[in-house]
Amino acid sequence: MGNLKNITVIPARARVGNTVKAEDRPKLRVAAYCRVSTDSDEQATSYEAQVEHYTNYIKGNSEWELAGIYADDGITGTNTKKRDEFNRMIEDCMEGKIDMVITKSISRFARNTLDCLKYIRQLKDKNIPVFFEKENINSMDSKGEIMLTIMASLAQQESQSLSQNVKLGFQFRYQQGEVQVNHNRFLGYTKDENRRLVIVPEEAEVVKRIYREYLEGASLLQIARGLEADGILTAANKRKWRPETLKKILQNEKYIGDALLQKTYTVDFLSKKRVVNNGIVPQYYVENSHEPIITREIFMQVQEEMVRRANLQAGKSGKRRIYSSKYALSSIVYCGECGDIYRRVHWNNRGKKSIVWRCVSRLENTGLFCTAST
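Using the numbering used here, count along the sequence shown one by one with no gaps and you end on 533.
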């Protein structure tokens, strides 16, 4: 039998009261997270009030020190991907810069149950409690996670219900023909005090110019370069004009005073992802909803011209051609033999250089689809 271990108990020193002075104890680094979901004046006031409240609340506790106020203004809580301040706070927690987090309620922290529990557990592993003021729940309490799971599920259901109510509200307004447009990036229009679309004369002239030049044969790239050369800014106040932007202007029915509502829709309330509506949900076409900039006749001519340019093909070969308006005869002259377009080329005949127009099919396929000599 081995030797018995000799164990000596060293008793704790008897203390009367707390011998460590409060000022000598390290302070708890406490951060607060605030969020509001819309851009209305009322919600903006709520946002500012939350920041002020937690700044005073944390500084008012002598055992705490302010580790920061993290605030996302006007961002939804159903998904944490787009909440920059929230994500920055979590990173600071992981880096040991924060000892405790305070927030108003579970719905402020997250309305997605999975996200809520994911971050609570992540912080719990770092021994960082989250205190929810409204529900009076501390994530480090023994029953904290159970209560959080229940309350987070309720918050998610509330968010889903709210999303459905908003959707029904939009649906009702669509049925009434109410047009809602983000006029901040809508070239040619602004809104008056009654939130109705009104024309901005200087911008309207730019829109008319785009339509006119397109019908005169200019390509989207040529129109863009011309606008840039004249120092004309886009609706977003940018100097760079993109062909895609011009194409949207040329296809926008709002310039003839009409409005197609619900062109896109939200797939689900959690991701907030919007996709093009290809008949999945109803659409509403409102005629004469506001004053037009472009006549219906010109608008339809532009649509027909866009279709014509998109369908340029190489006669018998069937190969699609890219529209060009670099020269006066570009995409206008066609071969009488095969139906393909003519292209401007440099011709060298016995040392003599000249510019000629030749059938593209003849040039590219060496007579396979076309036997025209020129």
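The C-beta atom is built at its ideal place from N, Cα and C for all residues, glycine as well.
Between R188 and A230, the C-beta gap is not smaller than 8 angstroms, which leaves the two residues out of contact.
Boundaries of the beta strand (DSSP E) around E224: 223–232. The beta carbons of Y348 and V461 sit no closer together than 8 angstroms. Closest in alpha carbon position to K413, among L379, E450, I228, V435, is E450.
Straight through space, the alpha carbons of I228 and P288 are spaced by roughly 16 angstroms. The Cβ neighbour count for V435, taken over all protein chains shown within 10 Å, is under 16; the residue is labelled exposed. Residue environment: G255 is assigned as exposed (fewer than 16 neighbouring CB atoms within 10 Å of its CB, all protein chains considered). CA-CA distance, I415 to I453, rounds to 5 angstroms. Between E294 and I249 a beta carbon distance of about 20 angstroms is seen, past the 8 angstroms cut, so the two are scored as non-contacting. Straight-line measurement puts the Cα of N508 at about 11 angstroms from the Cα of I514. CA-CA distance, Q410 to Y501, rounds to 28 angstroms. As DSSP reads the structure, C518 sits in a beta bridge with Y501. A418 is bridged by DSSP to V445.
In this chain, V461 is not harboured by any beta strand (DSSP E); it is covered by the alpha helix (DSSP H) spanning 455–469. Considering only F458, Q421, A383, the residue with the shortest C-alpha distance to L374 is F458. Annotation: the continuous alpha helix (DSSP H) that includes V366 extends over 360–374. C-alpha of W516 to C-alpha of V504: approximately 6 angstroms in a straight line. Annotated three-state conformation of V357 is strand, per DSSP.
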